[in-house]
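First the structure, in the form of C-alpha coordinates, and then the observations on it.
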Amino acid sequence: MGTSKQDLFEAVNACFTSKWNVQLTSSVPEATDLSLAGPHAKALGIATVLYADLDGSTDMVNQFEWWFSAGVYKAYLRCAASIIRSRAGAITAYDGDRVMAIFIGQSQCADAVIAAMQINCAVHEVIRPTIQQRYPQERFTLRHAVGIDRSQIRAARIGIRADNDLVWIGRAANYAAKLTSISGPPIRVTGEVIAELPYGLRVHNGNGMWSTHTEPMLAGQTIFSSDYMHTLP
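Here our numbering is used: the first residue of the sequence shown is 465, the next is one more, and so on.
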(Lines of atoms letter the chains of each structure in order from A and count residues from 1; the text may use other names and numbers.)
(Lines give C-alpha, C1' and ligand atoms only; values in the text may rest on other atoms or scores of the structure.)
Protein backbone atom coordinates (compact mmCIF):
# COMPACT_ATOMS: atom_id res chain seq x y z
CA MET A 1 0.00 0.00 0.00
CA GLY A 2 1.26 3.46 -0.89
CA THR A 3 1.37 6.42 1.44
CA SER A 4 0.17 9.20 -0.85
CA LYS A 5 -2.97 11.06 0.16
CA GLN A 6 -4.88 9.31 -2.64
CA ASP A 7 -3.62 5.90 -1.52
CA LEU A 8 -4.82 6.58 2.01
CA PHE A 9 -8.21 7.83 0.78
CA GLU A 10 -8.68 4.59 -1.16
CA ALA A 11 -7.68 2.47 1.82
CA VAL A 12 -10.02 4.33 4.16
CA ASN A 13 -12.93 4.16 1.71
CA ALA A 14 -12.45 0.40 1.41
CA CYS A 15 -12.89 0.10 5.18
CA PHE A 16 -16.41 1.51 4.95
CA THR A 17 -17.76 0.57 1.52
CA SER A 18 -17.04 -3.16 1.34
CA LYS A 19 -19.50 -5.66 2.81
CA TRP A 20 -18.20 -7.54 5.84
CA ASN A 21 -17.73 -11.28 5.67
CA VAL A 22 -18.57 -12.41 9.21
CA GLN A 23 -17.95 -16.03 10.18
CA LEU A 24 -19.09 -17.72 13.37
CA THR A 25 -16.37 -19.40 15.41
CA SER A 26 -16.40 -21.68 18.44
CA SER A 27 -12.80 -20.87 19.41
CA VAL A 28 -10.77 -17.74 20.05
CA PRO A 29 -9.18 -16.89 16.67
CA GLU A 30 -5.58 -15.98 15.93
CA ALA A 31 -4.43 -13.36 13.43
CA THR A 32 -3.77 -15.99 10.75
CA ASP A 33 -7.42 -17.07 10.93
CA LEU A 34 -8.58 -13.77 9.42
CA SER A 35 -7.90 -11.93 6.19
CA LEU A 36 -6.01 -8.65 6.36
CA ALA A 37 -6.87 -7.56 2.83
CA GLY A 38 -10.66 -7.55 3.06
CA PRO A 39 -13.44 -6.79 5.56
CA HIS A 40 -13.34 -10.15 7.30
CA ALA A 41 -14.47 -10.77 10.89
CA LYS A 42 -14.97 -13.69 13.26
CA ALA A 43 -17.94 -13.70 15.64
CA LEU A 44 -17.35 -15.47 18.95
CA GLY A 45 -20.87 -14.96 20.30
CA ILE A 46 -20.99 -14.19 24.01
CA ALA A 47 -17.51 -14.13 25.53
CA THR A 48 -15.92 -12.93 28.76
CA VAL A 49 -12.95 -10.57 28.62
CA LEU A 50 -10.40 -10.19 31.42
CA TYR A 51 -7.73 -7.52 31.80
CA ALA A 52 -5.07 -7.90 34.50
CA ASP A 53 -3.07 -4.74 35.09
CA LEU A 54 -0.34 -3.50 37.40
CA ASP A 55 -1.58 -0.51 39.39
CA GLY A 56 0.82 2.38 39.94
CA SER A 57 3.46 1.26 37.46
CA THR A 58 4.22 4.87 36.44
CA ASP A 59 5.23 5.72 40.00
CA MET A 60 7.24 2.52 40.16
CA VAL A 61 9.38 3.30 37.10
CA ASN A 62 9.89 6.87 38.34
CA GLN A 63 11.08 5.80 41.79
CA PHE A 64 12.97 2.53 41.28
CA GLU A 65 15.78 1.18 39.13
CA TRP A 66 14.76 -0.07 35.68
CA TRP A 67 15.80 -3.64 36.46
CA PHE A 68 13.62 -3.71 39.57
CA SER A 69 10.61 -2.52 37.54
CA ALA A 70 11.39 -5.05 34.81
CA GLY A 71 11.43 -7.82 37.39
CA VAL A 72 8.05 -6.72 38.74
CA TYR A 73 6.56 -6.65 35.23
CA LYS A 74 7.90 -10.12 34.45
CA ALA A 75 6.79 -11.60 37.77
CA TYR A 76 3.24 -10.24 37.64
CA LEU A 77 2.59 -11.02 33.99
CA ARG A 78 4.15 -14.50 34.30
CA CYS A 79 1.86 -15.35 37.21
CA ALA A 80 -1.21 -13.79 35.57
CA ALA A 81 -0.64 -15.51 32.23
CA SER A 82 0.00 -18.92 33.80
CA ILE A 83 -3.16 -18.68 35.89
CA ILE A 84 -5.27 -17.48 32.96
CA ARG A 85 -4.17 -20.43 30.84
CA SER A 86 -4.83 -22.86 33.67
CA ARG A 87 -8.45 -21.63 33.75
CA ALA A 88 -8.90 -22.15 29.98
CA GLY A 89 -8.47 -18.48 29.09
CA ALA A 90 -6.96 -17.51 25.74
CA ILE A 91 -4.34 -14.77 26.05
CA THR A 92 -4.94 -12.29 23.24
CA ALA A 93 -2.56 -9.42 23.99
CA TYR A 94 0.16 -8.05 26.22
CA ASP A 95 0.11 -4.26 26.43
CA GLY A 96 2.92 -2.87 28.55
CA ASP A 97 2.06 -3.80 32.13
CA ARG A 98 -1.19 -5.65 31.43
CA VAL A 99 -2.52 -8.76 29.78
CA MET A 100 -5.84 -9.33 28.00
CA ALA A 101 -7.58 -12.69 27.83
CA ILE A 102 -10.84 -14.08 26.48
CA PHE A 103 -12.87 -16.89 28.05
CA ILE A 104 -15.53 -18.82 26.16
CA GLY A 105 -17.67 -21.84 26.96
CA GLN A 106 -20.31 -22.70 29.54
CA SER A 107 -18.31 -21.65 32.61
CA GLN A 108 -16.56 -18.64 31.09
CA CYS A 109 -17.54 -16.15 33.81
CA ALA A 110 -16.66 -18.50 36.67
CA ASP A 111 -13.34 -19.37 35.00
CA ALA A 112 -12.48 -15.68 34.57
CA VAL A 113 -13.40 -14.76 38.15
CA ILE A 114 -11.49 -17.71 39.63
CA ALA A 115 -8.49 -16.64 37.52
CA ALA A 116 -8.80 -13.11 38.90
CA MET A 117 -8.99 -14.38 42.48
CA GLN A 118 -6.00 -16.67 41.93
CA ILE A 119 -4.02 -13.76 40.47
CA ASN A 120 -4.92 -11.81 43.60
CA CYS A 121 -3.68 -14.75 45.68
CA ALA A 122 -0.43 -14.84 43.70
CA VAL A 123 0.10 -11.12 44.37
CA HIS A 124 -0.45 -11.53 48.13
CA GLU A 125 1.15 -14.91 48.76
CA VAL A 126 3.86 -15.23 46.09
CA ILE A 127 4.99 -11.97 44.48
CA ARG A 128 4.86 -9.59 47.46
CA PRO A 129 6.66 -11.98 49.86
CA THR A 130 9.33 -12.69 47.24
CA ILE A 131 9.98 -8.99 46.64
CA GLN A 132 10.06 -8.30 50.38
CA GLN A 133 12.53 -11.12 50.98
CA ARG A 134 14.75 -10.19 48.03
CA TYR A 135 14.66 -6.41 48.57
CA PRO A 136 13.87 -5.80 52.27
CA GLN A 137 15.21 -2.26 52.04
CA GLU A 138 12.77 -1.20 49.30
CA ARG A 139 9.51 0.51 50.27
CA PHE A 140 7.41 -1.04 47.55
CA THR A 141 4.05 -2.83 47.64
CA LEU A 142 2.80 -4.28 44.38
CA ARG A 143 -0.78 -3.29 43.59
CA HIS A 144 -2.89 -4.62 40.76
CA ALA A 145 -6.36 -4.57 39.23
CA VAL A 146 -8.39 -7.09 37.25
CA GLY A 147 -11.42 -6.06 35.18
CA ILE A 148 -13.95 -8.53 33.75
CA ASP A 149 -16.99 -8.03 31.51
CA ARG A 150 -19.15 -10.22 29.27
CA SER A 151 -20.73 -9.36 25.90
CA GLN A 152 -20.87 -10.21 22.21
CA ILE A 153 -17.33 -10.19 20.82
CA ARG A 154 -16.06 -10.05 17.25
CA ALA A 155 -12.50 -10.01 15.95
CA ALA A 156 -11.01 -8.29 12.91
CA ARG A 157 -7.45 -8.17 11.60
CA ILE A 158 -5.86 -4.72 11.48
CA GLY A 159 -2.58 -3.18 10.40
CA ILE A 160 -0.43 -3.68 7.32
CA ARG A 161 1.36 -6.61 5.75
CA ALA A 162 4.04 -8.07 8.05
CA ASP A 163 2.92 -5.81 10.89
CA ASN A 164 -0.63 -6.58 12.03
CA ASP A 165 -2.74 -7.92 14.87
CA LEU A 166 -6.34 -8.54 15.91
CA VAL A 167 -8.74 -5.98 17.30
CA TRP A 168 -11.56 -7.19 19.54
CA ILE A 169 -14.88 -5.42 19.03
CA GLY A 170 -17.51 -5.52 21.74
CA ARG A 171 -18.41 -3.81 24.98
CA ALA A 172 -16.57 -6.31 27.15
CA ALA A 173 -13.22 -5.55 25.50
CA ASN A 174 -13.60 -1.86 26.39
CA TYR A 175 -15.25 -2.18 29.79
CA ALA A 176 -12.83 -4.80 31.10
CA ALA A 177 -9.92 -2.47 30.31
CA LYS A 178 -11.62 0.56 31.87
CA LEU A 179 -12.48 -1.38 35.02
CA THR A 180 -8.78 -1.64 35.84
CA SER A 181 -8.50 2.16 36.08
CA ILE A 182 -11.24 2.81 38.66
CA SER A 183 -10.65 2.85 42.40
CA GLY A 184 -11.62 0.16 44.88
CA PRO A 185 -10.82 -3.50 45.59
CA PRO A 186 -8.61 -5.12 42.94
CA ILE A 187 -11.20 -7.35 41.23
CA ARG A 188 -13.94 -5.43 39.38
CA VAL A 189 -16.72 -7.04 37.31
CA THR A 190 -20.01 -6.01 35.73
CA GLY A 191 -23.50 -7.20 36.58
CA GLU A 192 -23.50 -9.41 33.49
CA VAL A 193 -20.62 -11.37 34.98
CA ILE A 194 -22.11 -11.58 38.48
CA ALA A 195 -25.38 -12.92 37.05
CA GLU A 196 -23.53 -15.94 35.62
CA LEU A 197 -21.55 -16.86 38.74
CA PRO A 198 -22.40 -19.87 40.91
CA TYR A 199 -23.38 -19.26 44.53
CA GLY A 200 -19.91 -20.19 45.78
CA LEU A 201 -18.35 -17.27 43.90
CA ARG A 202 -20.89 -14.78 45.23
CA VAL A 203 -21.22 -15.80 48.88
CA HIS A 204 -18.57 -17.16 51.27
CA ASN A 205 -19.48 -18.47 54.74
CA GLY A 206 -22.79 -16.64 54.50
CA ASN A 207 -21.18 -13.31 53.62
CA GLY A 208 -21.41 -11.55 50.29
CA MET A 209 -18.08 -11.46 48.47
CA TRP A 210 -18.79 -8.34 46.42
CA SER A 211 -19.35 -4.66 47.17
CA THR A 212 -21.18 -2.46 44.65
CA HIS A 213 -21.05 1.08 43.37
CA THR A 214 -22.36 3.04 40.40
CA GLU A 215 -19.57 3.98 38.00
CA PRO A 216 -20.07 7.23 36.00
CA MET A 217 -17.13 6.37 33.74
CA LEU A 218 -19.07 3.31 32.51
CA ALA A 219 -22.41 4.97 31.75
CA GLY A 220 -23.71 4.53 35.30
CA GLN A 221 -23.21 0.76 35.35
CA THR A 222 -23.33 -1.01 38.70
CA ILE A 223 -19.85 -2.39 39.30
CA PHE A 224 -19.10 -5.27 41.67
CA SER A 225 -15.72 -5.28 43.43
CA SER A 226 -13.95 -7.86 45.58
CA ASP A 227 -10.62 -8.49 47.27
CA TYR A 228 -11.23 -12.23 47.75
CA MET A 229 -8.54 -14.74 46.90
CA HIS A 230 -8.93 -18.24 45.46
CA THR A 231 -6.47 -20.85 46.66
CA LEU A 232 -3.64 -21.73 44.30
CA PRO A 233 -2.98 -25.44 43.67
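All C-beta atoms, glycine included, are put in the ideal place defined by N, C-alpha and C.
Note that the stretch 475-490 touches the stretch 502-516; at least 3 beta-carbon pairs, one per stretch, sit closer than 8 Å. Here residue 630 really is in contact with residue 621; their C-beta atoms are around 6 Å apart, less than 8 Å.
The stretch 512-528 makes contact with the stretch 558-570; the number of CB pairs closer than 8 Å reaches 3 or more. Taking 8 Å as the cut-off, the Cβ atoms of residue 688 and residue 658 count as close. Residue environment for residue 543: buried (at least 16 other C-beta atoms within 10 angstroms of its C-beta). Ranked by Cα distance from residue 654, the options 644, 614, 499 are led by 614. 565 is the residue among 529, 522, 525, 565 whose C-alpha sits nearest the C-alpha of residue 541. Short of 7 Å from the beta carbon of residue 650, and not among the five residues preceding or following it, lie these beta carbons of its own chain, in chain order: 584, 608, 609, 610, 691.
Boundaries for residue 669: no beta strand (DSSP E) harbours it, and the DSSP string shows neither H nor E there. In this structure, DSSP gives residue 522 a helical state, which the three-state scheme calls helix. In the DSSP annotation of this structure, the continuous segment of the beta strand (DSSP E) that includes residue 610 starts and ends at 607-624.
Residue 596 and residue 513 have their C-alpha atoms spaced approximately 32 Å apart. With respect to the 8 Å criterion, residue 567 and residue 511 are classified as neighbours on the basis of their beta carbons.
Spanning the alpha carbons of residue 536 and residue 666 requires a straight line of approximately 31 Å. For secondary structure counted as the alpha helix (DSSP H) over 4 or more consecutive residues, the stretch 624-684 holds these complete runs in sequence order: 635-643, 655-658.
Residue environment: residue 675 is assigned as exposed (fewer than 16 neighbouring CB atoms within 10 Å of its CB, all protein chains considered). Per the DSSP secondary-structure output, residue 559 pairs in a beta bridge with 562.
The beta-carbon separation of residue 552 and residue 575, rounded to 6 Å, stays under the 8 Å limit for a contact. In the three-state DSSP reduction, residue 512 falls in the strand class (E or B).
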